[in-house]
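Heads up, the thing below is written out as structure tokens.
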Amino acid sequence: MRRMLWVVIAGALLLASVVPVWAHHAFAAEFDQNKPVKVRGAVVKWELTNPHSWIHIDVKGADGKTVTWMIEGASPNNLYRLGLTKESLPPGSEIVVEGYQAKDGSTRAVGRNITFADGKKFFLGLSEAESGPAK
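Residue numbers (this note's numbering): 225 to 359.
Set out below in structure tokens:
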């Protein structure tokens, strides 16, 4: 009986040590700190989902074609604490996003800052991006 108790405890500890690995990815696993990006475009959609929010913006390229970028931001709770609300990014809003592009070269990035047309600037709340080359 005592041996069974120790096996259960050991199993629980092993499981508990693995759960944080599943829960979150590292900045460096998906984004390249050597690929800073600055994109300007119109908001298409803002997804306030956990664990990270996503801003979809249409960006006009040098060739005149429009490409939709997906910008990852912090969790909705963190963004609310920083002053962003559901109404902060209505579709059509012109914004500039600074961040780091995905390692695969796709039109996906982790955002560091967004700047609105009126010059107001917001930090997107991802500390992983802040530990990149700027510091």
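Glycine included, every Cβ here is placed at the ideal spot set by N, Cα and C.
Go ahead and pull the three-state DSSP assignment for MET294. What you label residue 294 is simply residue 70 of the sequence shown in a count that begins at 1. Here MET294 sits in strand by DSSP.
Count the other CB atoms within 10 Å of the CB of TRP246; is the residue buried (16 or more) or exposed (fewer)? Along the sequence shown, one-based indexing puts residue 246 at 22. Note that TRP246 scores 45 on pLDDT, short of 50, meaning its location in the model is unreliable and no value can be drawn from it.
Verify whether the separation of the beta carbon atoms of ALA326 and ARG332 is less than 8 Å. For this step, residue 326 is matched to residue 102 along the sequence shown. For this step, residue 332 is matched to residue 108 along the sequence shown. Yes, these two residues count as a Cβ contact at 8 Å.
TRP278 to ILE233 span [Cα, whole Å]: On the sequence shown, residue 278 is found 54 positions in, with the first residue counted as 1. On the sequence shown, residue 233 is found 9 positions in, with the first residue counted as 1. The alpha-carbon separation between TRP278 and ILE233 amounts to approximately 39 Å.
How many whole angstroms separate the CB atoms of SER299 and PRO275, which I take to be in contact at a CB cut-off of 8 Å? Counting from one through the sequence shown, the residue named residue 299 turns up at place 75. Counting from one through the sequence shown, the residue named residue 275 turns up at place 51. Sure, about 6 Å apart at Cβ, within 8 Å.
With C-beta atoms as the reference, is HIS280 less than 8 Å away from VAL268? Within the sequence shown, numbered from 1, the residue matching residue 280 stands at position 56. Within the sequence shown, numbered from 1, the residue matching residue 268 stands at position 44. Cβ atoms of HIS280 and VAL268: closer than 8 Å.
Which residue's Cα is closest to the Cα of ALA286: GLY265, LEU348, GLU296? Numbered from 1 along the sequence shown, position 62 holds the residue referred to as residue 286. GLY265 is the residue among GLY265, LEU348, GLU296 whose C-alpha sits nearest the C-alpha of ALA286.
Return the chain-ordered list of same chain residues with a C-beta closer than 8 Å to the C-beta of THR273, the five sequence neighbours on each side being excluded. One-based indexing of the sequence shown puts residue 273 at position 49. Cβ within range, chain order: PRO300.
To the nearest angstrom, how far is the alpha carbon of VAL320 from that of MET228? Start at 1 with the first residue of the sequence shown, and residue 320 comes out as number 96. Start at 1 with the first residue of the sequence shown, and residue 228 comes out as number 4. Whole-angstrom Cα-Cα distance: 59 Å.
Quick check on the DSSP output: the alpha helix (DSSP H) that includes PRO260 runs from which residue to which? On the sequence shown, residue 260 is found 36 positions in, with the first residue counted as 1. Going by DSSP, PRO260 is part of no alpha helix (DSSP H) but of the beta strand (DSSP E) stretching over 255-271.
Which word fits ARG226, buried or exposed, when buried means at least 16 other C-beta atoms lie within 10 angstroms of its C-beta? Against the sequence shown, residue 226 aligns to sequence position 2. Its Cβ having fewer than 16 others within 10 Å, ARG226 is exposed.
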